[in-house]
Amino acid sequence: MLTSKLLTLVLVVQPGRVLLGMKKRGFGAGKWNGFGGKVQPGETIEDAARRELQEESGLTVDALEKIGNIKFEFVGETELLDVHVFRADTYNGEPTESDEMRPQWFDCDKIPFSQMWADDILWFPLMLQKKKFLGYFKFQGHDLILNQTLEEVEEL
Numbered sequence: 018m019l020t021s022k023l024l025t026l027v028l029v030v031q032p033g034r035v036l037l038g039m040k041k042r043g044f045g046a047g048k049w050n051g052f053g054g055k056v057q058p059g060e061t062i063e064d065a066a067r068r069e070l071q072e073e074s075g076l077t078v079d080a081l082e083k084i085g086n087i088k089f090e091f092v093g094e095t096e097l098l099d100v101h102v103f104r105a106d107t108y109n110g111e112p113t114e115s116d117e118m119r120p121q122w123f124d125c126d127k128i129p130f131s132q133m134w135a136d137d138i139l140w141f142p143l144m145l146q147k148k149k150f151l152g153y154f155k156f157q158g159h160d161l162i163l164n165q166t167l168e169e170v171e172e173l
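Per the working numbering, the sequence shown starts with residue 18, numbered consecutively.
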């Protein structure tokens with residue numbers, strides 16, 4: 018039986034570019050990703066998304082748009098990762114390196130998918146077009162997708 022772990026992911030998007038962070042330690046180290054992490058007890062999912070963005074990148078946001086929900090299963094693991102994906106089109110502050118992440122802007126046509134989670138290349142186009150989506154990815158290790166579903170939805 019799989020238990021579920023609630024996580025957030027925030028993508029900061031500007032016209033023609035997206036802010037990613039190089040994960041320096043922990044789960045997913047060595048990969049470019051959005052900013053996010055665990056939802057703490059007593060915290061709403063959106064509050065967690067704001068807190069993690071601020072902790073990892075130094076940025077604060079006025080508005081977050083919930084754009085997706087992805088569930089990740091890893092062979093041999095007992096936890097299902099339930100990731101709530103948000104998009105921010107405006108932000109306050111300057112991206113600043115943290116202990117965990119090194120932020121960098123990428124042009125939308127130069128996103129480093131080969132150095133990211135294998136599923137990102139599949140749902141990033143939907144996120145960049147502001148299309149809402151639901152996804153499920155089953156991984157063997159951290160690089161091989163065994164099973165997947167991805168669908169565009171009207172509402173989350």
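Glycine included, every Cβ here is placed at the ideal spot set by N, Cα and C.
In this text, all values refer to a predicted model and were calculated from it rather than measured experimentally.
Per DSSP, S74 lies in no beta strand (DSSP E) segment; the continuous alpha helix (DSSP H) that holds it begins and ends at 62-74. Between the alpha carbons of D64 and K127 lies a gap of roughly 30 Å. Annotated as proximal: L167 and L139, with beta-carbon spacing under 7 Å.
About 18 Å separates the CB atoms of E94 and K40; that is not less than 8 Å, and the two are not in contact. DSSP, read as helix, strand or coil, puts F130 in helix. The stretch 73-81 makes no contact with the stretch 151-163, as fewer than three CB pairs between them are under 8 Å. Note that the C-beta distance between L23 and W122 is not below 7 Å.
The continuous beta strand (DSSP E) containing L24 extends over residues 20-31. In the structure shown, F141 adopts helical secondary structure according to DSSP, grouped into three states.
G47 is the residue among G47, T25, S21 whose C-alpha sits nearest the C-alpha of P129. Ranking G45, L161, A105, M133 by CA distance to the CA of L145 puts A105 first.
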